[in-house]
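Here's the structure we're looking at; comments come further down.
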Amino acid sequence: MSDRSAAPGSLALVESLVNTLDIESGADALDTADGRTRFGLTEPDVPAARELRESLRATLLAHAGHPAHTPVTPLDELLASAPLRLTVDATDGSATLTPADTGRLHSRIAAAVAEALVAGTWLRLKACESDTCHWAYYDRSPAGRGRWCSMQVCGARAKMRRYRAKGQ
Numbered sequence: 053m054s055d056r057s058a059a060p061g062s063l064a065l066v067e068s069l070v071n072t073l074d075i076e077s078g079a080d081a082l083d084t085a086d087g088r089t090r091f092g093l094t095e096p097d098v099p100a101a102r103e104l105r106e107s108l109r110a111t112l113l114a115h116a117g118h119p120a121h122t123p124v125t126p127l128d129e130l131l132a133s134a135p136l137r138l139t140v141d142a143t144d145g146s147a148t149l150t151p152a153d154t155g156r157l158h159s160r161i162a163a164a165v166a167e168a169l170v171a172g173t174w175l176r177l178k179a180c181e182s183d184t185c186h187w188a189y190y191d192r193s194p195a196g197r198g199r200w201c202s203m204q205v206c207g208a209r210a211k212m213r214r215y216r217a218k219g220q
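For the sequence shown, this note's numbering gives the first residue as 53, with consecutive numbering after it.
Structure below.
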């Protein structure tokens, strides 16, 4: 789990959804009423939310240069049915993409991705390299080459494994 601060703007929603599953312990926040409420989900919505979460995780692993470990439905297929609406402010002319259906998680995620694409932050949202973690984190490193959600936990474990492997 990450010791980093939350992703900026609407990417926090994407990060939060991906991090509903703790791979190491198997705990899934979507199994709880509180976890579902956080995302405006009902129990029948959970399978689709899990499919979306794992597709997002695979995409975030790709952002960090890591292959997905399980086959998933491509993210663009899942978000294709999530219409966005262009909203133009009459006062200053600024424009934003907003979900056409604010109650639907897929639409809110699509809007978050669109906002991040415009802001240039989408590729900075990544998933931890550690096979027992894959926690989503926002890479604030200057070069954008972060590999782990936490250098103190996942990064330290990986470096220790490499060190021990060299000694054998």
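We put the CB at the ideal spot given by N, CA and C, even for glycine.
Your pair residue 190 and residue 177 checks out as a contact, with CB atoms roughly 6 Å apart and the cut at 8 Å. Per DSSP, reduced to three states, the secondary structure at residue 150 is strand. Look at residue 160 here: in three-state DSSP terms it is helix. Nearest neighbour of residue 152 by Cα position, chosen from 139, 146 and 143, turns out to be 139. Residue pairing of residue 137 in beta bridges, as defined by DSSP: 150. In this structure, residue 82 lies near residue 102, with their beta-carbon atoms less than 8 Å apart. When secondary structure is reduced to three states using DSSP, residue 83 falls in the helix class. Annotation for residue 168: 63 and 174 place their beta carbon closer than 6 Å to its own, counting only its chain and skipping 5 residues before and after.
In the three-state reduction of the DSSP assignment, residue 168 falls in the helix class, which pools H, G and I. Scanning 218, 188 and 192 for the CA closest to the CA of residue 118 turns up 188.
At the C-beta level, residue 127 and residue 111 come within 8 Å of one another. According to the DSSP assignment, residue 63 belongs to the alpha helix (DSSP H) that extends over 63-70. For the pair residue 75 and residue 122, the Cα-to-Cα distance works out to about 13 Å. Of all alpha-carbon atoms in 115, 109, 137 and 143, the one lying nearest the alpha-carbon of residue 163 is that of 137.
Spanning the alpha carbons of residue 165 and residue 73 requires a straight line of approximately 20 Å.
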